[in-house]
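Below is one structure, written out as structure tokens, with a few remarks after it.
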Amino acid sequence: MIRIMNNQKSDKYTSQQEKERKEREENERKERIKKIGIEKSKDYLRVANRWCKRCINPEGENVLERVTVDSLIQDFGKEVTGIITATSPKYINEVTVPEHLNYCEDIETSSGDHYFNTYRPLAFKPQKGGNFPHIKKLMSHIFGSQEELGYDYVELLYKTPMQKLPVILLVSNENATGKSTFCNFLSILFGDNAVEMTPDTIRSKFAAPWLNKLLITCEETVLNKREDYEKIKNLVTALKTPSESKGKDWVSKRIFVKFIFCSNNETNPVLIDKNDTRYWVIKVPRLTNRNAGEDFLAECKAEIPFFLSFLLSREISTKGTDRLWFTPEETRTPAWDKIVAGNTPMLDKEIAIVLLDIVQKKRLDKIKYDATTLFNLIKELEIPQSLRVSCSRAIIMEIMRNWGLKAIRKTERYSYYKVDKEGNVTLADPRKPGKYYTFTRTLLESIVM
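This is the structure in structure tokens:
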């Protein structure tokens, strides 16, 4: 009887030990799962209803790749996935807040909501005590006599990325000038916040992928159509612009993007009129005294921490009184003048000269012509044969649109002037019916001068 009781006690003790062992193993298993889940959760986040994983793509860029909870379960099992989804950061939506000095990925609003900052931190930190001779050489070569303004430009990009800045246009009809090297240097400095694009990409209506960038660089730039001019003008100065992605409705988006264009065309790579203050045009000379075998860009990259320290301590040389910081007087160059001259078509000038001559001879402030009457007037005058051949009523109307003029909506009778081949100006009689344009002396003078 005693033996039986002892055996029962022993079995009960063994059962208790087994139960405790299993509980201990289960707790250890749960602890391992928890540890794995917490470690894995560092790679994942939820933005709105999208789960994403932080990845480094084949190009070495830090990107967010979309994933699903089902794929996580397949990879890690339900328990680990539960830990990941419970502990990973969660954001109401995306927002782009450019900042380099006090960067924050998690943007908390006054309501306590959290937004994911799509702007990326720089890979470089300022470091005191070093020099940057290669970067100095590059800045001096690109900006020449405007070198201090060049430092101001890069300093503003670094310290105040929301500041609107002019489009930098680097031109030269020579090769090996360093234009691409300068763009590549800034792309390395600002990392994922800078992107190289083509003119066709800039023209595309699907701008959402790049509207949240700080810097757009474009090689071999040819953006000399009127629609190009209007789009760049809006992007450079507007606070917000419509952003459209494929398959999605457009939304209004805050923009702070800056452009650096490069071109071998020194005459008309882009449209610029004489009143346009959005472009800073720099003619870049050919590089000389290059050291054979030197990886110049790699040397610049190594100097970036010292360069950033310099920018932090540097006092900016300009006052920032213009909406694009630099005044037109500060950035105007002979290269800018050359493009402005090249962008004014000869036919535009000839039409403006003819009309201005009438205004001056008759001491008028304005005159009126419809497209057909103006075409007939130009066709009969002594302007170059090549221009008369290219002139048509449709081209006249296109020029009027480029001048910002609109014809009246309903046909009316109006007075106009005839000019004979000797240059005599007479008032036509009777009054002519037509949908006329009104040309002011001020407009004509601005085109001719």
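Residue numbers (this note's numbering): 479 to 927. All residues carry an ideal CB built from backbone N, CA and C; glycine is no exception. In this text the structure is predicted, and so the values were computed from the model without any measurement.
Item: Close Cβ partners of valine 541 (< 7 Å) along its chain, the five nearest in sequence each way excluded; Value: Cys533, Asn535
Item: Ordered list of beta strand (DSSP E) runs contained in the stretch 577-623, each at least 3 residues; Value: 584-586, 592-595
Item: Beta bridge counterpart(s) of phenylalanine 739 as assigned by DSSP; Value: Leu647, Cys696
Item: Rounded separation between cysteine 582 and cysteine 661 - CA only; Value: 26 Å
Item: For cysteine 778 and histidine 612, believed in contact at Cβ under 8 Å, the rounded distance; Value: 5 Å
Item: Cα-Cα separation, glutamate 633 to isoleucine 733; Value: 19 Å
Item: As assigned by DSSP and simplified to three states, the class of isoleucine 516; Value: helix
Item: Check whether leucine 834 and leucine 922 have beta carbons under 7 Å apart; Value: yes
Item: As assigned by DSSP and simplified to three states, the class of glutamate 858; Value: helix
Item: Selection from Arg524, Glu900, Glu509, Ser549 that minimises the alpha carbon distance to asparagine 571; Value: Arg524
Item: Secondary structure of lysine 683, DSSP reduced to three states; Value: coil
Item: Member of Asp591, Lys531, Ser589, Glu586 whose CA lies at the smallest distance from the CA of threonine 563; Value: Lys531
Item: Contained beta strand (DSSP E) runs [length at least 3] in the stretch 818-848, N- to C-terminal order; Value: 844-848
Item: Own chain residues within Cβ distance below 6 Å of proline 763, not counting five before or after; Value: none
Item: CB contact flag (lysine 691, valine 714, <7 Å); Value: no
Item: Short Cβ contact (7 Å threshold) for isoleucine 551 with glycine 515; Value: no
Item: N-terminal and C-terminal residue of the alpha helix (DSSP H) that alanine 930 is part of; Value: The first residue shown for the chain is 479 and the last is 927, placing residue 930 beyond what the model contains.
Item: Presumed contact (8 Å Cβ cut-off) between threonine 811 and glycine 912, rounded CB distance; Value: That belief does not hold up - the Cβ atoms of threonine 811 and glycine 912 are roughly 43 Å apart, past 8 Å.
Item: Reduced DSSP category for isoleucine 794 - H, G, I as helix; E, B as strand; rest coil; Value: coil
Item: Cα-Cα separation, glutamate 577 to proline 783; Value: 17 Å
Item: Reduced DSSP category for aspartate 800 - H, G, I as helix; E, B as strand; rest coil; Value: strand
Item: Inter-residue Cα distance where the pair is isoleucine 736 and serine 665; Value: In the sequence as displayed, the identity of residue 736 is lysine instead of isoleucine. Approximately 12 Å between the Cα atoms of the pair.
Item: CB contact flag (glutamate 781, phenylalanine 917, <7 Å); Value: no
Item: Residue span of the beta strand (DSSP E) that contains leucine 905, given as start and end; Value: 903-905
Item: Nearest-angstrom beta carbon gap, threonine 699 and cysteine 740 [assumed within contact, 8 Å]; Value: 6 Å
Item: Nearest-angstrom beta carbon gap, arginine 756 and lysine 816 [assumed within contact, 8 Å]; Value: The pair is not a contact, with the Cβ atoms about 17 Å apart (cut-off 8 Å).
Item: For proline 806, the first and last residue of its enclosing alpha helix (DSSP H); Value: 806-809
Item: DSSP three-state assignment for tryptophan 814, whether helix, strand or coil; Value: helix
Item: Alpha-carbon to alpha-carbon, valine 903 and glutamine 641; Value: 52 Å
Item: Identity of the residues DSSP links to valine 673 by a beta bridge; Value: Ile694
Item: Whole-angstrom distance between serine 588 and serine 791, CA atom to CA atom; Value: 33 Å
Item: Distance between valine 573 and aspartate 670 (C-alpha atoms, nearest Å); Value: 16 Å
Item: Straight-line gap, glycine 459 to threonine 559 (C-alpha atoms, nearest Å); Value: Here the chain has residues from 479 to 927 only, and residue 459 is not among them.
Item: Between the CA atoms of glutamate 876 and serine 893 - distance to the nearest angstrom; Value: 23 Å
Item: Whole-angstrom C-beta distance between tyrosine 914 and aspartate 848, which should lie under 8 Å; Value: 5 Å
Item: Simplified DSSP assignment, three categories, for tyrosine 707; Value: helix
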